[in-house]
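Undergrad: Numbering (my numbering), first residue to last: 1470 to 1761. Positions of the beta carbon are idealized from the N, C-alpha and C atoms, including for glycine.
As structure tokens, this is what we get:
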């Protein structure tokens, strides 16, 4: 009886281990972007005299201090922080534009440092204050150019251009020169370009910056209702706007001076301190969450 009981207990233990493994495996599969202990620093901008005194080794400014987070498949994940908090540095690492000093990050299972080409194939980047469009070309010509740079071409590229233009409401202006586009039009063209390769992860850096309130509302609605709910994209948004973060994002990472001070759903962050959601300014919110 004792041996039988022992066998039963062992079997139950194995089952528990198997279930734990399956849960861990499921969580891994659901994770689309994983960052672990990211650090990054940049040389301080100093005068020539200070540089010489430092013997060519000026002090470095820490942009990220051991930041970790996980983005789940099919969610809108917000990175919230004031200017200089480290938001753009995270997006640059994610986009393989810079390499972290320490830690690691993976996108769709691919390491950003060891497999940059595979990572770039999985993301669509929509940077803030886009300046890379050729203003003397039409919107369609720009999309063709950037699409071909990504290995697209022929009927497939034309179909994606037309589809994105219709969905974003720029089809009637697509053959006009970009130099005549408004700020809102350029931002929609920017998003259309990011969607061309049908990315698994869409990265938006302050997407509503410089947009009027109505255009910003329409863009947020398009992201949630079309890109996520209909198409199943995973979206990462860097923003310093509390209302945008609260109304659009499923979960938030709150950054302050390169450190992650909080991560969770808006409801979870609000539970940290009742005053968080009512904070009138981003600095007040960061102060409240950081002290919770």
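1) Buried or exposed, going by whether 16 or more other CB atoms sit within 10 Å of the CB of residue 1633?
2) According to the neighbour-count rule (16 or more other Cβ atoms, all chains shown, within 10 Å of its Cβ), is residue 1675 buried or exposed?
3) Could you tell me which residues DSSP puts in a beta bridge with residue 1415?
4) So the beta strand (DSSP E) residue 1700 belongs to, where does it begin and stop?
5) Any idea if residue 1596 is buried or exposed, counting beta-carbon neighbours within 10 angstroms, 16 or more meaning buried?
6) Rounded to the nearest angstrom, what separates residue 1710 and residue 1732 at their Cα positions?
7) Write down every uninterrupted run of the alpha helix (DSSP H) in the region 1633 to 1697 whose length is 4 residues or greater and which is fully enclosed by it, in chain order.
8) Find out if the Cβ-Cβ distance for the pair residue 1572, residue 1507 is shorter than 9 Å.
9) Nearest by alpha-carbon distance to residue 1647: which of 1599, 1552, 1690, 1635 is it?
10) Classify residue 1654: buried if its beta carbon has 16 or more other beta carbons within 10 angstroms, exposed otherwise.
11) In the DSSP assignment, the alpha helix (DSSP H) including residue 1714 goes from what residue to what residue?
12) Identify whether residue 1613 lies in helix, strand or coil by the three-state DSSP scheme.
13) Under 6 Å Cβ to Cβ from residue 1718, same chain only, skipping five residues before and after it: list those, please.
14) Among the candidates 1736, 1722, 1735, 1738, whose CA atom is the shortest distance from the CA of residue 1554?
15) Residue 1565: which of 1594, 1645, 1690 sits nearest, CA to CA?
16) Taking residue 1737 as the reference, give the member of 1725, 1715, 1726, 1703 with the closest Cα.
17) Does residue 1564 come out as helix, strand or coil in the three-state DSSP assignment?
18) Helix, strand or coil, according to DSSP, for residue 1553 in the structure here?
19) If you drop the 5 nearest sequence neighbours on each side, which residues of the same chain put their C-beta closer than 7 Å to that of residue 1708?
20) Classify residue 1583 as helix, strand or coil using the three-state DSSP reduction.
21) In angstroms, rounded to a whole number, what distance separates the CA positions of residue 1693 and residue 1636?
22) Alpha carbon to alpha carbon, how far is residue 1644 from residue 1558? Give it in angstroms, no decimals.
23) Using only the alpha-carbon positions, how far apart do residue 1720 and residue 1664 sit?
24) Would you mind sorting residue 1651 into buried or exposed? The rule is 16 or more other CB atoms within 10 Å of its CB.
25) Going by DSSP in three states, residue 1558 sits in which element: helix, strand or coil?
26) Could you check what DSSP says for residue 1606 in three-state terms: helix, strand or coil?
TA: In brief:
1) On the chain shown, residue 1633 is found 164 positions in, with the first residue counted as 1. Result: buried.
2) The residue given as residue 1675 occupies position 206 in the chain shown. Classification for residue 1675: buried.
3) Given a span of 1470 to 1761 for the chain in the structure shown, any question on residue 1415 remains unanswerable.
4) Taking the chain shown and counting its residues from 1, one reaches residue 1700 at position 231. Looking at the DSSP string, residue 1700 is not in any beta strand (DSSP E), and its letter there is neither H nor E.
5) Start at 1 with the first residue of the chain shown, and residue 1596 comes out as number 127. Residue 1596 counts as buried, since no fewer than 16 other beta carbons sit within 10 angstroms of its beta carbon.
6) Along the chain shown, one-based indexing puts residue 1710 at 241. Along the chain shown, one-based indexing puts residue 1732 at 263. Taken atom to atom, the span from the alpha-carbon of residue 1710 to that of residue 1732 is near 16 Å.
7) As far as the region 1633 to 1697 is concerned, its whole alpha helix (DSSP H) runs of at least 4 residues are 1652 to 1664, 1682 to 1690.
8) Locating residue 1572 in the chain shown gives position 103, where the first residue counts as 1. Locating residue 1507 in the chain shown gives position 38, where the first residue counts as 1. In this structure, residue 1507 lies closer than 9 Å to residue 1572 by Cβ.
9) On the chain shown, residue 1647 is found 178 positions in, with the first residue counted as 1. Considering only alpha carbons, the answer is 1599.
10) Working through the chain shown from its first residue, we reach residue 1654 at position 185. By the 10 Å Cβ count, residue 1654 comes out buried.
11) Here residue 1714 corresponds to residue number 245 of the chain shown, with the count starting at 1. Unbroken alpha helix (DSSP H) run through residue 1714: 1711 to 1717.
12) On the chain shown, position 144 is the one that residue 1613 refers to. If DSSP states are grouped into helix, strand and coil, residue 1613 belongs with the helices.
13) Position 249 of the chain shown holds residue 1718. Taken in chain order, the residues that qualify are 1545, 1547.
14) Here residue 1554 refers to the residue found at position 85 of the chain shown. Comparing alpha carbon positions, the residue from 1736, 1722, 1735, 1738 closest to residue 1554 is 1722.
15) In the chain shown, counting from the first residue as 1, residue 1565 sits at position 96. Residue 1565 has its Cα closest to that of 1594, out of 1594, 1645, 1690.
16) Residue 1737 sits at position 268 when you count from the first residue of the chain shown. If we check each option's Cα against that of residue 1737, 1715 comes out closest.
17) Start at 1 with the first residue of the chain shown, and residue 1564 comes out as number 95. In the structure shown, residue 1564 sits in coil (DSSP, three-state: anything other than H, G, I, E or B).
18) To locate residue 1553, count along the chain shown from 1; it is residue 84. Three-state DSSP puts residue 1553 in coil, outside helix and strand.
19) In the chain shown, the residue the question calls residue 1708 occupies position 239. Shown here for residue 1708: same chain residues with a beta carbon closer than 7 Å to its own, the five before and five after excluded, namely 1547, 1549, 1675, 1714 in chain order.
20) Stepping through the chain shown from its first residue, residue 1583 is reached at position 114. Three-state result, residue 1583: coil.
21) To locate residue 1693, count along the chain shown from 1; it is residue 224. To locate residue 1636, count along the chain shown from 1; it is residue 167. CA-to-CA, the gap between residue 1693 and residue 1636 works out to about 13 Å.
22) In the chain shown, counting from the first residue as 1, residue 1558 sits at position 89. In the chain shown, counting from the first residue as 1, residue 1644 sits at position 175. Using only the alpha carbons, I get a separation of about 35 Å.
23) Here residue 1720 is taken as the residue at index 251 of the chain shown, counted from 1. Here residue 1664 is taken as the residue at index 195 of the chain shown, counted from 1. Their Cα atoms are separated by approximately 22 Å.
24) Within the chain shown, numbered from 1, the residue matching residue 1651 stands at position 182. Flag for residue 1651 reads exposed.
25) Walking along the chain shown from the start, residue 1558 turns up at place 89. Note: residue 1558 maps to helix in three-state DSSP.
26) In the chain shown, counting from the first residue as 1, residue 1606 sits at position 137. Here residue 1606 sits in coil by DSSP.
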